[in-house]
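Here is the structure we will look at.
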Amino acid sequence: MTSLLDSLIPSSDRRQLIDVAFQHAPQYIWLLGPEGDVQACDQAVRELEGGTDDGMRGRALWANRWWSEPELVERHLRDGIGEALLGRRLSFEARVVRTDGDRLTVDVLVHGFTGDDGARRVRVDAMDVTARARVEAELRASEAKFAGILAIAADAIITIDQSQTILHFNRGAEDIFGWTEAEALGQPLEMLIPPRYRTNHAGHVEAFGQGAVMARRMGERREIYGLRRSGEEFPAEASISKLDTPDRRIYTVVLRDISDRKRTAHAQQFLAEASAILGSSLDFHATLRTVVSLPIPLLGDACIIDIVDKQDVIRRIASSHPDERKAFALRQLEARYTPFWDSPSIVIDVLRRGEVEVVHGFDEAFLDAHSVDEEHAQLIAALGSKRAIFVPLIARERVMGVMTILGEGADAGYDEQDVALARELGTRAAFALDNAQLYEAAQLATRARDEVLGVVSHDLRNPLSAIQMCTRVLLESPPADEAARRDLLEAIAQATGLTNRLIQDLLDVANIEAGKLSVEKAELSAAELLDRAAPMFESAARERQVRLTVRAEPGLPMLLADEGRVMQVLANLVGNATKFTEPGGSVEVSAAPAHGEVVFAVQDTGPGIPGEQLPLVFQRFWHNRRNARKRGSGLGLAIAKGIVEAHGGRIWAESVLGEGARFSFTLPVVKGTG
Ligand code: ADP
Numbered sequence: 003m004t005s006l007l008d009s010l011i012p013s014s015d016r017r018q019l020i021d022v023a024f025q026h027a028p029q030y031i032w033l034l035g036p037e038g039d040v041q042a043c044d045q046a047v048r049e050l051e052g053g054t055d056d057g058m059r060g061r062a063l064w065a066n067r068w069w070s071e072p073e074l075v076e077r078h079l080r081d082g083i084g085e086a087l088l089g090r091r092l093s094f095e096a097r098v099v100r101t102d103g104d105r106l107t108v109d110v111l112v113h114g115f116t117g118d119d120g121a122r123r124v125r126v127d128a129m130d131v132t133a134r135a136r137v138e139a140e141l142r143a144s145e146a147k148f149a150g151i152l153a154i155a156a157d158a159i160i161t162i163d164q165s166q167t168i169l170h171f172n173r174g175a176e177d178i179f180g181w182t183e184a185e186a187l188g189q190p191l192e193m194l195i196p197p198r199y200r201t202n203h204a205g206h207v208e209a210f211g212q213g214a215v216m217a218r219r220m221g222e223r224r225e226i227y228g229l230r231r232s233g234e235e236f237p238a239e240a241s242i243s244k245l246d247t248p249d250r251r252i253y254t255v256v257l258r259d260i261s262d263r264k265r266t267a268h269a270q271q272f273l274a275e276a277s278a279i280l281g282s283s284l285d286f287h288a289t290l291r292t293v294v295s296l297p298i299p300l301l302g303d304a305c306i307i308d309i310v311d312k313q314d315v316i317r318r319i320a321s322s323h324p325d326e327r328k329a330f331a332l333r334q335l336e337a338r339y340t341p342f343w344d345s346p347s348i349v350i351d352v353l354r355r356g357e358v359e360v361v362h363g364f365d366e367a368f369l370d371a372h373s374v375d376e377e378h379a380q381l382i383a384a385l386g387s388k389r390a391i392f393v394p395l396i397a398r399e400r401v402m403g404v405m406t407i408l409g410e411g412a413d414a415g416y417d418e419q420d421v422a423l424a425r426e427l428g429t430r431a432a433f434a435l436d437n438a439q440l441y442e443a444a445q446l447a448t449r450a451r452d453e454v455l456g457v458v459s460h461d462l463r464n465p466l467s468a469i470q471m472c473t474r475v476l477l478e479s480p481p482a483d484e485a486a487r488r489d490l491l492e493a494i495a496q497a498t499g500l501t502n503r504l505i506q507d508l509l510d511v512a513n514i515e516a517g518k519l520s521v522e523k524a525e526l527s528a529a530e531l532l533d534r535a536a537p538m539f540e541s542a543a544r545e546r547q548v549r550l551t552v553r554a555e556p557g558l559p560m561l562l563a564d565e566g567r568v569m570q571v572l573a574n575l576v577g578n579a580t581k582f583t584e585p586g587g588s589v590e591v592s593a594a595p596a597h598g599e600v601v602f603a604v605q606d607t608g609p610g611i612p613g614e615q616l617p618l619v620f621q622r623f624w625h626n627r628r629n630a631r632k633r634g635s636g637l638g639l640a641i642a643k644g645i646v647e648a649h650g651g652r653i654w655a656e657s658v659l660g661e662g663a664r665f666s667f668t669l670p671v672v673k674g675t676g
């Protein structure tokens with residue numbers, strides 16, 4: 003057999019081709035005839051085949067047992083032979099199993115040449131590329147892994163070249179900056195940096211490129227900011243590294259959006275400061291004024307607080323506003339539009355449900371649905387609010403009010419973090435308000451105790467001294483006269499009665515304060531009630547030489563009331579009227595029906611009560627100093643008010659100074675009789 007080298011290489015350029023052969027180092031070489039039949043092979047093939055080429059010669063190369071996919075190889079080889087005969091080359095990759103069982107990957111090159119004999123010949127080179135294929139596969143896998151990491155990283159990973167053009171832009175970068183990869187690639191890095199930092203930034207990157215450090219944190223000396231597609235800036239944390247590839251230097255920037263972290267820190271600081279401010283006063287109204295100003299400006303531009311008082315009445319306080327028109331609207335909303343329990347108001351919903359409500363977009367439909375009249379809607383509209391958070395103020399499981407935070411900003415609205423912050427603020431505010439209320443109640447209780455002690459020591463002492471004096475006279479030197487002894491005993495009985503009444507009054511006041519005044523309602527004729535009451539007042543009126551008239555309008559409906567308690571109220575009012583009216587004056591007691599209730603009135607011709615003191619007369623222990631001479635315990639009217647309100651009625655006083663006073667109260671009637 004011809005040496006392969008001889009057949010392979012025309013003598014003319016053998017030297018050069020030897021070099022080529024060595025350089026490319028094909029490991030297996032065959033010479034084929036036009037039908038693919040093996041005409042010669044090299045030593046490596048012979049070794050592979052067991053040291054002899056006899057088995058190979060004359061057979062088609064694809065018939066060799068070692069090809070893993072012989073059909074595929076046959077197709078490639080046939081194509082290759084065709085190409086080679088035409089002077090072209092064809093290469094393909096094939097997998098082989100050697101006789102020793104090893105699996106290899108070979109690169110097969112089919113090409114042709116013209117031999118010394120002038121005939122066209124086909125040569126097949128197969129090179130073992132198993133190692134390279136493995137490395138490539140590993141590389142591919144590792145690239146895929148790296149690409150996967152880049153893709154899922156929440157951080158922005160951006161590669162730029164020396165001219166600071168973006169080469170790579172991962173998903174994290176897309177999320178953070180708002181540009182898609184396709185939009186960012188090929189663009190200058192500048193577009194991700196707020197304009198005022200651009201010049202400096204480019205210089206920093208260049209300096210870093212020239213320095214010896216391979217990677218470092220950016221913005222060590224000052225905070226750095228990124229620029230989103232929307233134009234919004236955000237605080238960031240970033241590091242940069244450089245890498246020299248064979249063709250260029252690239253920089254990789256890894257950047258993290260730290261707005262959330264900063265916001266959380268800011269919120270914590272805000273809450274800590276709010277707590278400190280809230281803790282600075284125990285005065286309820288001062289605390290309320292503090293609370294209403296706290297959410298501004300971090301959470302909104304205006305704030306309204308609705309607070310439910312002990313009698314379930316809603317009271318409102320609104321924040322101020324630098325814009326005079328809006329400040330006016332807020333004052334109006336405070337003074338005139340405090341919601342009632344049946345208002346179509348979100349505040350009422352939140353008060354009832356105790357859950358936060360967030361509203362975005364105050365459009366016309368919304369205003370219509372949540373305002374009581376046209377003016378109310380206009381006032382809300384004047385505030386220019388675009389969004390609101392309604393936070394229930396909950397302390398000790400009681401919804402004590404609602405904090406409404408209004409925001410003007412046209413941005414997206416309140417997000418979860420804002421709501422969480424508002425909720426936290428609400429919790430702290432409610433806690434502070436509750437504390438202030440408890441403190442106020444404690445102070446009132448202390449004051450009440452002192453007042454009671456004052457009354458007990460002062461007012462009880464008089465009748466007790468009388469009792470003591472009379473008993474001593476009776477014991478030590480009883481008068482011989484029967485009538486004189488009787489006078490003393492009567493004085494004792496009267497003083498005991500007074501003491502008893504005072505104690506009963508104090509008990510009633512205590513029960514009213516605790517909301518525990520017992521009232522047993524029953525059907526009661528108003529006219530009959532007055533008939534029964536009249537004789538009780540007549541003796542006192544006669545004594546004071548005051549004319550007493552009792553007038554019940556005909557057709558009075560049936561009352562639903564506690565007769566004993568109503569008598570108590572009438573006795574107090576008529577008693578006061580008689581007491582303060584000079585002899586010759588008159589007192590008129592009347593009852594008239596009005597809108598499902600009966601209005602009782604006691605009118606006198608006494609000195610009257612100054613207008614500014616009218617609201618005070620129902621406070622316990624209150625006296626008009628000018629009447630000090632006639633003062634009693636100062637509990638009568640407070641008890642009367644408590645009794646009337648326990649029936650669901652109202653009590654009030656009117657007076658023209660010098661002409662007399664008129665005390666009126668209402669009582670509910672049996673349904674269907676009013
Ligand atoms: P008192 O036991 O002192 O009468 P009240 O609560 O009944 O307590 O009344 C409180 C105060 O209201 C009285 O001390 C008096 O100054 C004033 N007052 C009550 N009724 C009248 C009245 N008809 N005319 C003028 N002043 C009155």
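Heads up: the sequence shown begins at 3 in the working numbering, then just goes up one per residue. C-beta atoms are modelled at their ideal positions from N, C-alpha and C, and glycine is treated no differently. Just so you know, these numbers come straight off a predicted model, no measurement behind them.
Residue of the options minimising C-alpha distance to residue i
i	options	result
R123	F148, D39 and G356	D39
G233	L280, I178 and A209	I178
S165	Y253, A331 and A184	Y253
L229	A175, S347 and A596	A175
G651	V521, R544 and P609	V521
R219	T406, N172, A337 and L257	L257
T101	R90, R67 and S93	R67
E222	G213, G211, A204 and I242	I242
R534	V47, L446 and A573	A573
L423	H323, G662, A269 and D249	A269
D127	G188, Y30 and R90	Y30
For residue i, the three-state DSSP class (helix, strand or coil)
i	result
I307	strand
Q25	At Q25, the pLDDT of 43 sits below 50, so the modelled position is not reliable; the number obtained from the coordinates is stated separately. Here Q25 sits in helix by DSSP.
I226	strand
I11	Unreliable positioning characterises I11 in this predicted model, as indicated by a pLDDT of 46, which lies under 50. The coordinate reading is nonetheless provided below. Residue state, collapsed to three classes: coil.
F286	helix
I319	strand
D109	strand
G364	Note on residue identity: the sequence assigns Phe, not Gly, to residue 364. F364: coil per DSSP, three-state reduction.
H203	helix
Residue i beta carbon near the ligand ADP (any heavy atom closer than 7 Å)
i	result
I653	no
D606	yes
N578	yes
I469	no
S635	yes
I505	no
P612	no
P465	no
G598	no
N502	no
V619	yes
H625	yes
F667	no
L508	no
F602	no
L639	yes
N574	yes
A450	no
F582	yes
P609	yes
A663	yes
beta-carbon residue i near the ligand SAM non-hydrogen atom, thresh 7 Å
i	result
H287	The ligand SAM is absent from the structure shown, which contains only the ligand ADP.
In DSSP terms, what residue i is bridged to
i	result
W32	C43 and V126
Y253	I162 and K244
Q605	E590 and R664
P595	V600
Test: residue i CB closer than 8 Å to a CB of chain C
i	result
I162	Judged by its chain identifiers, the structure shown contains no chain C, having just a single protein chain.
Checklist entry - Counting pairs of Cβ atoms below 8 Å between the region 554 to 563 and the region 589 to 596, do you hit three or more? => result yes
Checklist entry - Quick one: any contact between the region 71 to 86 and the region 31 to 49, if contact means 3 or more CB pairs under 8 Å? => result yes
Next on the checklist: Check whether the region 515 to 529 and the region 652 to 660 are in contact - that is, three or more C-beta pairs closer than 8 Å.
Outcome noted: no
Item to check | Sufficient close CB pairs (3 or more, under 8 Å) joining the region 293 to 301 to the region 397 to 411 | outcome: yes
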